[in-house]
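Trainee: Could you have a look at this structure, given as structure tokens, before my questions?
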Amino acid sequence: MEYRTLGRTGLRASVMGIGAGGPSRLGQRDNIRSESESIDLVLQALDAGVNFIDTAEGYRTEEIVGAAVARRDRDRIIISTKKSLGRENISREVLRAGLRESLSRLGADYIDIYHLHGLRLEQYDYYSQEIVPELQDLKQQGLIRCIGVTEHWNGDLEHKMLQRALKDDVWDVIMVGFNLLNQSARETVLRTAREKDIGVLIMFALRRALSGPDKLRATVRTLIERGEVNPDEIDSEDPLGFLPAEGSAVSIPDTAYRFCQAEAGAHVILSGTGNPGHLAANLASFARPPLPREDIQRLKHIFRDVTSVTGQ
Ligand SMILES: NC(=O)c1ccc[n+]([C@@H]2O[C@H](COP(=O)([O-])OP(=O)(O)OC[C@H]3O[C@@H](n4cnc5c(N)ncnc54)[C@H](OP(=O)(O)O)[C@@H]3O)[C@@H](O)[C@H]2O)c1
């Protein structure tokens, strides 16, 4: 497993991070897995060298993460969790209560990265004036180590909130949507984050569109119809078929993860699953070298104009 310094936080994080939310929530969505099976999934990742876990109050997986962490060395694990925001602005008291409850569910004395979850541009000014000082206070008290913010990508395709956030100097870590289909964050977010040495977590590396061939074909067809992908540059029946044929990638998820892994300024790529076989495959992908340069260039070229889909 490769480890990277998470920007200004100085934390050394595994490039693969376990995402305890997303479409699978460690198998808890639709109760596909029992709690103990989900705990075992987290342990499987930790024992393979992953030291970064992302959860959130809203995922209802903090207790599972806490139970897994309790069986290993907590101080070697980076725990990232988030305060849900919703449409109504929350008060400082609600933030503090949320943190206390997250600490309790995680069985932790401190949280490494505490985020505002899915902040929207129109909420930004309130949160930066009212809530960020409170987060800074919690940091002073040692209850959180780093302050983070995550975007609501499906409702903010242009990454406007994060572009606004990057003008301020208060965020240690950001979480941004990025994948091989929609690489728009490269210019709008990642470049500035690198200049400012902010830790960057990548979400949506697979999401749904890159988890299997049918969904990928449907997404590519949509992109061709919208004029965002040139049909002469891609086989719409087998959009990434050219890669395994040249021996560089073993599957669509493998391509998707290794594409993100090679992206300048991306530190941790989040990967969520409720399936131990998928987890083993994803661990293997992150252990492989980055995709060959020419493949990355080709993928950058094919999807260069895409801005309308997230892979949802
Ligand atoms: N605004 C936010 O703060 C926000 C929003 C979204 C996500 N996140 C974070 O980012 C993490 C990642 O979420 P994501 O939305 O990017 O989803 P993701 O982790 O890319 O997962 C997408 C889906 O891919 C499937 N999958 C995983 N590995 C696979 C494989 N090898 N082969 C086939 N299918 C595979 C999983 O289903 P199976 O269970 O069937 O494997 C999963 O449901 C989340 O867990 C969460 O921590 C944060």
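Quick note: the sequence shown, position 174, residue 418 per my numbering, numbers continuous. Even for Gly, the Cβ is constructed at its ideal location relative to N, Cα and C. The structure presented is a predicted model; accordingly, all values stated were derived computationally and were not measured.
Just to confirm, are T394 and L343 a CB contact at a threshold of 9 Å?
Mentor: Counting from one through the sequence shown, the residue named residue 394 turns up at place 150. Counting from one through the sequence shown, the residue named residue 343 turns up at place 99. Cβ atoms of T394 and L343: not closer than 9 Å.
Trainee: Output the distance between the C-alpha atoms of T463 and G555, rounded to the nearest integer angstrom.
Mentor: Residue numbering aside, residue 463 sits at position 219 when the sequence shown is read from its first letter. Residue numbering aside, residue 555 sits at position 311 when the sequence shown is read from its first letter. Cα to Cα, T463 sits roughly 8 Å from G555.
Trainee: Going by DSSP, what residue range makes up the beta strand (DSSP E) through H359?
Mentor: Locating residue 359 in the sequence shown gives position 115, counting from the first residue. Where H359 is concerned, the enclosing beta strand (DSSP E) stretches over 355-363.
Trainee: Using a Cβ-Cβ cut-off of 8 Å (strictly less than) and excluding sequence neighbours within five positions of R340, which residues of its own chain qualify?
Mentor: Translated into positions along the sequence shown, residue 340 becomes position 96. Answer for R340: E378, L382, listed in chain order.
Trainee: Less than 6 Å between C-beta atoms, sequence neighbours within five positions excluded: which residues of the same chain meet that for Y303?
Mentor: What you label residue 303 is simply residue 59 of the sequence shown in a count that begins at 1. Cβ within range, chain order: A264, G265, R269.
Trainee: Any contact between the region 453-460 and the region 527-535? By contact I mean 3 or more CB pairs, one from each, below 8 Å.
Mentor: Touching, no, given that fewer than three Cβ pairs across the two stretches are closer than 8 Å.
Trainee: Please confirm whether any heavy atom of ligand 1 lies closer than 8 Å to the CB of T557.
Mentor: Only positions 245 to 556 of the chain appear in the structure, and residue 557 is not among them; the question remains open.
Trainee: Drop a sphere of 10 angstroms on the beta-carbon of P483, count the other beta-carbons inside from all chains shown, and report buried for 16 or more, exposed for fewer.
Mentor: Against the sequence shown, residue 483 aligns to sequence position 239. Looking at its Cβ environment, which holds 16 or more other Cβ atoms inside 10 Å, P483 is buried.
Trainee: Is the beta carbon of H522 sitting closer than 9 Å to the one on A257?
Mentor: The count along the sequence shown starts at 1 and reaches residue 522 at position 278. The count along the sequence shown starts at 1 and reaches residue 257 at position 13. No, Cβ-Cβ distance for H522 and A257 is not below 9 Å.
Trainee: When burial is assigned at 16 or more other CB atoms within 10 Å of the CB, is R331 buried or exposed?
Mentor: Counted from its first residue, the sequence shown places residue 331 at position 87. Classification of R331: exposed, given that the 10 Å Cβ count is below 16.
Trainee: When the Cα atoms are used, what is the spatial distance from Y368 to V414?
Mentor: As a position in the sequence shown, residue 368 is number 124, starting the count at 1. As a position in the sequence shown, residue 414 is number 170, starting the count at 1. Cα to Cα, the separation comes out at about 13 Å.
Trainee: Just how far apart, CA to CA, sit R408 and L329?
Mentor: Start at 1 with the first residue of the sequence shown, and residue 408 comes out as number 164. Start at 1 with the first residue of the sequence shown, and residue 329 comes out as number 85. Rounded to the nearest angstrom, the two C-alpha atoms are 18 Å apart.
Trainee: Using the Cα positions of I478 and I546, report the straight-line distance between them to the nearest angstrom.
Mentor: Reading the sequence shown from its first residue, position 234 is the one you call residue 478. Reading the sequence shown from its first residue, position 302 is the one you call residue 546. Those two C-alpha atoms are separated by around 7 Å.
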